[in-house]
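Asker: Let me begin by handing over the structure; questions about it come next.
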Amino acid sequence: MFLYKHNLIAGLLLEFAGLLGFAINYYILFRIIGARIFGRKLGYIWMSREMAHCFASTMFIAFIGPVSLWNPSIFEEFMAQQILHLIYLFKSAVYFTNLLIAVNRAVMVLSPLQYKTMFDYSRTILYITCTWIASVCAALPNVINPCQQTSLNSSVSYYAHRDECSRYIHLFDVLYAPVLFLITVVINMAVLWKLYRLPEQRKELSLCTAKKSNELRLSYMIMAEVTSALLMICIQRFGFLFKDELVSFMLTTFTWSIASAFDGLIVVIFNAGLLPESTMLDTLPLLIFPLLLLLLLKIAMFLVFCTPHLENEIPPADSQDDLIESV
Numbered sequence: 057m058f059l060y061k062h063n064l065i066a067g068l069l070l071e072f073a074g075l076l077g078f079a080i081n082y083y084i085l086f087r088i089i090g091a092r093i094f095g096r097k098l099g100y101i102w103m104s105r106e107m108a109h110c111f112a113s114t115m116f117i118a119f120i121g122p123v124s125l126w127n128p129s130i131f132e133e134f135m136a137q138q139i140l141h142l143i144y145l146f147k148s149a150v151y152f153t154n155l156l157i158a159v160n161r162a163v164m165v166l167s168p169l170q171y172k173t174m175f176d177y178s179r180t181i182l183y184i185t186c187t188w189i190a191s192v193c194a195a196l197p198n199v200i201n202p203c204q205q206t207s208l209n210s211s212v213s214y215y216a217h218r219d220e221c222s223r224y225i226h227l228f229d230v231l232y233a234p235v236l237f238l239i240t241v242v243i244n245m246a247v248l249w250k251l252y253r254l255p256e257q258r259k260e261l262s263l264c265t266a267k268k269s270n271e272l273r274l275s276y277m278i279m280a281e282v283t284s285a286l287l288m289i290c291i292q293r294f295g296f297l298f299k300d301e302l303v304s305f306m307l308t309t310f311t312w313s314i315a316s317a318f319d320g321l322i323v324v325i326f327n328a329g330l331l332p333e334s335t336m337l338d339t340l341p342l343l344i345f346p347l348l349l350l351l352l353l354k355i356a357m358f359l360v361f362c363t364p365h366l367e368n369e370i371p372p373a374d375s376q377d378d379l380i381e382s383v
């Protein structure tokens, strides 16, 4: 595989993708908090989503990238596999939050009188908590016993089943993300249909022109995000079919690592309020603290995984003396 034969190039690409994804989504998170881009209730949901993307990108910055640079064979260790599968927790949180955002918009458009009741502060926090609980439940079986194929293995089909793993868990791993995408798309299609079919006599009672435009933009944005995520998953799952190792790596492992950055770019494109008002230099100091935390996390990961391998490569003192005497 390209990851093992050219681990330096692969590691640098994964580090770059992780840093890009973290920077974009951290910036979006900062703008949501500082400028209230999505309001209060929807803003809380979107903050949870961006935090999930930041955590997923952190996995590539602090673990996957450094280990790829140092020694990719470390990924074969059981504990490394467990940590690697944590990324599916954060990916799942993004998928479930996309569904929650779609439901939020559907209630706003289809039943606006019930919106304040269904999405008050306490219930919104409860919904967000439920998305994370569902994400933990979806990822936990593979964290305990890493059975799910990952996109790091660019030469093996994602659908390949391991004999020691449960077929039910494997079936769930394969199907749950596409099912969530399908439900999200159906809900968004219902919202779009309602917005375009809204009778003229009810427009002024429920949605003004500006608000309708805003709801259309949000619905199209979610559709774009879900469609792009589904496309990337398809690319990752069938990239192994290409015989060229570099092409296979770019379509599987690199696409997996750049997904958060690409998703963040879609959010920025659909929201003019996320564009910097003056200069990006104003927000650079805000990156110092999380980058320091990432540096500490990288050091911790190095001490846990790479130091034992380094010690194994250094021969004991007696062996060194024998080597000198033989020379």
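Numbering (the working numbering), first residue to last: 57 to 383. We put the beta carbon where it would ideally sit given N, CA and C, even for glycine.
Going by C-alpha distance, which of Phe175, Glu106 and Leu155 is nearest Met164?
Answerer: Mapped onto the sequence shown, residue 164 falls at position 108. The shortest C-alpha separation from Met164 is found at Phe175.
Asker: Give the range of the alpha helix (DSSP H) segment to which Thr187 is assigned.
Answerer: In the sequence shown, residue 187 corresponds to position 131, counting from 1. Where Thr187 is concerned, the enclosing alpha helix (DSSP H) stretches over Tyr177 to Ile200.
Asker: Apart from the five residues on each side of it in sequence, which residues of its chain come closer than 8 Å, Cβ to Cβ, to Val241?
Answerer: On the sequence shown, position 185 is the one that residue 241 refers to. Correct list, in chain order: Met279, Val282 and Thr283.
Asker: How should Val212 be labelled, buried or exposed, when 16 other C-beta atoms within 10 angstroms of its C-beta is the threshold for buried?
Answerer: Within the sequence shown, residue 212 is the residue found at index 156, counting from 1. Per the 10 Å Cβ criterion, exposed.
Asker: DSSP state of Tyr214, grouped into three classes?
Answerer: If you number the sequence shown from 1, residue 214 lands on position 158. Of the three classes helix, strand and coil, the one that applies to Tyr214 here is coil, per DSSP.
Asker: What is the DSSP secondary structure of Asp319, counted as helix, strand or coil?
Answerer: As a first step, residue 319 must be located in the sequence shown, where it is residue number 263. Three-state DSSP puts Asp319 in a helix.
Asker: Roughly how many whole angstroms lie between the Cα atoms of Phe58 and Cys290?
Answerer: On the sequence shown, residue 58 is found 2 positions in, with the first residue counted as 1. On the sequence shown, residue 290 is found 234 positions in, with the first residue counted as 1. C-alpha separation (whole angstroms): 20 Å.
Asker: Have a look at His217 and Cys203 and give me their C-alpha separation to the nearest angstrom.
Answerer: Within the sequence shown, residue 217 is the residue found at index 161, counting from 1. Within the sequence shown, residue 203 is the residue found at index 147, counting from 1. Cα to Cα, the separation comes out at about 8 Å.
Asker: Mind the definition here: the segment 65-82 touches the segment 118-128 only if three or more C-beta pairs lie below 8 Å; say whether that holds.
Answerer: The segment 65-82, when compared against the segment 118-128, does touch it at the 8 Å Cβ threshold.
Asker: Only counting the same chain, and skipping five residues up and downstream in sequence, which positions put a Cβ closer than 6 Å to that of Leu76?
Answerer: The residue given as residue 76 occupies position 20 in the sequence shown. Here the set comprises Ala317.
Asker: Note down the Cα distance separating Leu337 from Asn327, rounded to an integer number of angstroms.
Answerer: For the purposes of this step, residue 337 is taken as residue 281 along the sequence shown, with counting starting at 1. For the purposes of this step, residue 327 is taken as residue 271 along the sequence shown, with counting starting at 1. Its pLDDT being 46, under 50, Leu337 is placed unreliably by the model, and the measurement read from it follows with that caveat. Taking the straight line joining both Cα atoms gives about 20 Å.
Asker: Just how far apart, CA to CA, sit Ile322 and Arg223?
Answerer: As a position in the sequence shown, residue 322 is number 266, starting the count at 1. As a position in the sequence shown, residue 223 is number 167, starting the count at 1. So the alpha carbons of these two residues sit roughly 35 Å apart.
Asker: By DSSP, does Asn327 sit in helix, in strand, or in coil?
Answerer: By one-based count along the sequence shown, residue 327 stands at place 271. Note: Asn327 maps to coil in three-state DSSP.
Asker: Looking only at its own chain, which residues have a Cβ that is under 7 Å from the Cβ of Trp188, when we skip the five neighbours before and after it?
Answerer: The sequence position of residue 188 within the sequence shown is 132, counting from 1. These residues qualify, in order along the chain: Ala149.
Asker: Got a sec? Which residues, its chain only, sit under 8 Å from Met277 by beta carbon, not counting five neighbours each side?
Answerer: The sequence position of residue 277 within the sequence shown is 221, counting from 1. Counting only Cβ-Cβ distances below 8 Å, and skipping sequence neighbours, we find Ile322, Val323, Phe326 and Asn327.
Asker: For the segment 71-86 against the segment 307-314, do three or more pairs of beta-carbon atoms, one drawn from each stretch, fall closer than 8 Å, so that the two count as touching?
Answerer: The segment 71-86 vs the segment 307-314: in contact.
Asker: Compare the C-alpha of Asn160 against each of Gly95, Ile139, His109 and Ala195 and name the closest.
Answerer: As a working mapping, residue 160 is identified with position 104 in the sequence shown. Answer by Cα proximity: Gly95.
Asker: Just to confirm before moving on: does the CB-CB distance between Ala190 and Ile143 stay below 8 Å?
Answerer: For the purposes of this step, residue 190 is identified with residue 134 of the sequence shown, where counting begins at 1. For the purposes of this step, residue 143 is identified with residue 87 of the sequence shown, where counting begins at 1. No, the pair does not count as a contact, with Cβ atoms beyond the cut-off.
Asker: Using 10 angstroms around the beta-carbon of Thr185, count the other beta-carbons present and answer buried if the total reaches 16, otherwise exposed.
Answerer: Here the question's residue 185 lines up with position 129 in the sequence shown. Classification of Thr185: exposed, given that the 10 Å Cβ count is below 16.
Asker: Indicate the three-state DSSP secondary structure (helix, strand or coil) for Thr335 in the structure shown.
Answerer: In the sequence shown, counting from the first residue as 1, residue 335 sits at position 279. Low confidence applies to Thr335: its pLDDT is 44, below 50, so where it sits in the model is not reliable, and the reading given next is rough at best. Three-state result, Thr335: coil.
Asker: Express the C-alpha separation of Val192 and Leu145 in angstroms, rounding to a whole number.
Answerer: Position 89 of the sequence shown, counted from the first residue, corresponds to residue 145. Position 136 of the sequence shown, counted from the first residue, corresponds to residue 192. Going by the C-alpha atoms only, they are around 6 Å apart.
Asker: Would you grab the beta carbon distance between Ala91 and Thr153 for me? Rounded to a whole angstrom, and I think it's under 8 Å.
Answerer: What you label residue 91 is simply residue 35 of the sequence shown in a count that begins at 1. What you label residue 153 is simply residue 97 of the sequence shown in a count that begins at 1. Not confirmed; about 20 Å, so no contact.
Asker: Could you check whether Leu182 and Ile101 sit closer than 8 Å to each other, using their CB atoms as the reference points?
Answerer: Counting from one through the sequence shown, the residue named residue 101 turns up at place 45. Counting from one through the sequence shown, the residue named residue 182 turns up at place 126. Taking 8 Å as the Cβ cut-off, Ile101 and Leu182 do not qualify as a contacting pair.
Asker: In this structure, does DSSP put Cys290 in helix, strand or coil?
Answerer: For the purposes of this step, residue 290 is identified with residue 234 of the sequence shown, where counting begins at 1. Three-state result, Cys290: helix.
Asker: To the nearest angstrom, how far is it from the Cα of Thr309 to the Cα of Thr173?
Answerer: Sequence index remark: in the sequence shown, residue 309 carries index 253 (1-based). Sequence index remark: in the sequence shown, residue 173 carries index 117 (1-based). Between Thr309 and Thr173, the C-alpha separation is close to 43 Å.
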